[in-house]
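Q: Residue 319 in full-length UniProt numbering sits at position 319 of the sequence shown, and the numbers go up by one each step.
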Amino acid sequence: MPSSHHHHHHHHYLVLHLVFLVAVTLSAVAALGGGEGAACDAASPQEEELRPDRLTVLLSGFSERRLPLLRAIAGAYAAHPLVLAVVVLWCNPSTPDDRLLVPRFPPGVSLHRTASASLNSRFLPHPSIRTAAVAVADDDVLPDAAAISFAFAAWQQRAGRPGTLVGFFPRSHHLDLARGRWAYAAPQPGRYSMVLTKFLVLGVDLLRKYSCSPELAAARAVVDRERNCEDILMNFVAAEASGEGPVLVEAGSIRDWGDPRNDANAGTGVEGGDAAMKAVGLSSRGGVGHWEKRGECITQFHRLLGRMPLRYSYGKVVEAAVAEQGLCSKGGRLVRCDQE
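(1) From 231, 217, 175, 41, pick the residue whose C-alpha is nearest to that of residue 167; which is it?
(2) Quick test of your reading: residue 201 and residue 133, contact by CB under 8 Å. State the CB separation rounded to the nearest angstrom.
(3) Between residue 342 and the rest of its own chain, which residues show a CB-CB distance below 7 Å, the 5 nearest in sequence each way excluded?
(4) Given residue 118, which residues of its chain have a CB within under 6 Å of its CB, disregarding the five upstream and five downstream residues?
(5) May I ask you to report which of helix, strand or coil DSSP gives residue 102?
(6) Relative to the C-alpha of residue 246, which candidate in 192, 59, 182 has its C-alpha closest?
(7) Thinking C-beta only, is residue 142 closer than 9 Å to residue 77?
(8) Roughly how many angstroms lie between the CA atoms of residue 227 and residue 203, to the nearest whole one?
(9) Exposed or buried, which one is residue 253 when buried takes at least 16 other CB atoms within 10 Å?
(10) Is residue 121 helix, strand or coil when you go by DSSP?
(11) Check this for me: beta carbons of residue 205 and residue 162, under 9 Å apart or not?
(12) Which residues bound the alpha helix (DSSP H) around residue 309?
(13) Return the chain-ordered list of same chain residues with a C-beta closer than 6 Å to the C-beta of residue 219, the five sequence neighbours on each side being excluded.
(14) Can you check which of these residues, 222, 110, 130, is closest to residue 120 by C-alpha distance?
(15) Can you tell which of 295, 105, 61 has its C-alpha closest to the C-alpha of residue 113?
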């Protein structure tokens, strides 16, 4: 049994140690500032410097109430063998630093504050990204490890092509002829034109295009004004680069803690596998008005860009039951190599 003196001394040391840790981490967060401009001004890493065999996960957080969930999700991504780093972009400028620093984020996770609460911030080509592929994910969704690996493999199959977007959650669009405008819609059976940012894999070059292209400034302003539609704009940017629709992969199991942004219960009755989501939180995201607003975004982006790049994709890439057999691309789809 240690003497009380010894015990007290030990405790004192611990407190000092903690204060030191917090001070060090605080300076790290302070250093991070730099927003949109900084990320675009930074010299883009040369293609050959980016690792092709690993993934960076870009998570954006805003809700302080969901911080414990964000920490857990970030830690789970960081533990994935194919994930090189997890970058958390904290998009709520009013959060005090100490709320973010204690408890600490898990190892392999770096935290960066964005200059504003703009939803465009979630696509910042952060200078710390060292991989060719980036997974952009919401703070309330966690695909299982196999699904993450599979989405990355599907992206790698197409890494030679520009603009490849791989996701789990499909949406679609169609022309509302009666009203002469675009409508945002649940995927028609086997047909979709967009994937949601709940989880998607893309090339770091798309982050630069989205964030830094002067010709997209007006479209980014729409995202800021609506506090919505950044995912739709990214699908525009990707389709413009690729000339084709996104790649949809079979998700396996995905834990979903429900984000109001993700169209649940929005009066359509058709949900692409994520019907269990609860419409809670920011009211601007829920209800039929949400779908209307998303349709307006498509119409505005079309008008501002002067063209409609969205393309339909059909079917989905289904995960092979036996991963060891390897996956081969056949006619633009991934199939088990033994079926070629």
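Glycine included, C-beta positions come from ideal geometry on N, C-alpha and C.
A: Reading from the atomic positions:
(1) Locating residue 167 in the sequence shown gives position 167, where the first residue counts as 1. Considering only alpha carbons, the answer is 231.
(2) As a working mapping, residue 201 is identified with position 201 in the sequence shown. As a working mapping, residue 133 is identified with position 133 in the sequence shown. Confirmed, about 6 Å.
(3) The chain is shown from 1 up to 340; residue 342 falls before or after that span and cannot be answered.
(4) The sequence position of residue 118 within the sequence shown is 118, counting from 1. Closer than 6 Å at Cβ, skipping near neighbours: 224.
(5) If you number the sequence shown from 1, residue 102 lands on position 102. Reduced to three states, the DSSP call for residue 102 is coil.
(6) The sequence position of residue 246 within the sequence shown is 246, counting from 1. Checking every option, the nearest Cα to that of residue 246 belongs to 192.
(7) Within the sequence shown, residue 77 is the residue found at index 77, counting from 1. Within the sequence shown, residue 142 is the residue found at index 142, counting from 1. Contact flag set, yes.
(8) On the sequence shown, residue 227 is found 227 positions in, with the first residue counted as 1. On the sequence shown, residue 203 is found 203 positions in, with the first residue counted as 1. Their backbone Cα atoms lie some 24 Å apart in a straight line.
(9) As a first step, residue 253 must be located in the sequence shown, where it is residue number 253. Answer is exposed; the Cβ neighbour count stays below 16.
(10) Counting from 1 along the sequence shown, the entry for residue 121 is found at position 121. In the structure shown, residue 121 sits in a helix (DSSP, three-state: H, G or I).
(11) Indexing the sequence shown from 1 puts residue 205 at position 205. Indexing the sequence shown from 1 puts residue 162 at position 162. The answer is yes: Cβ separation under 9 Å.
(12) In the sequence shown, the residue the question calls residue 309 occupies position 309. It is not in any alpha helix (DSSP H) - residue 309 carries neither H nor E in the DSSP assignment.
(13) For the purposes of this step, residue 219 is taken as the residue at position 219 of the sequence shown. Cβ neighbours of residue 219 beyond the five flanking positions: 233, 301, 304.
(14) For the purposes of this step, residue 120 is taken as the residue at position 120 of the sequence shown. Of the listed residues, the one whose Cα sits closest to residue 120 is 222.
(15) Here the question's residue 113 lines up with position 113 in the sequence shown. Checked all of 295, 105, 61; the closest Cα to residue 113 is 61.
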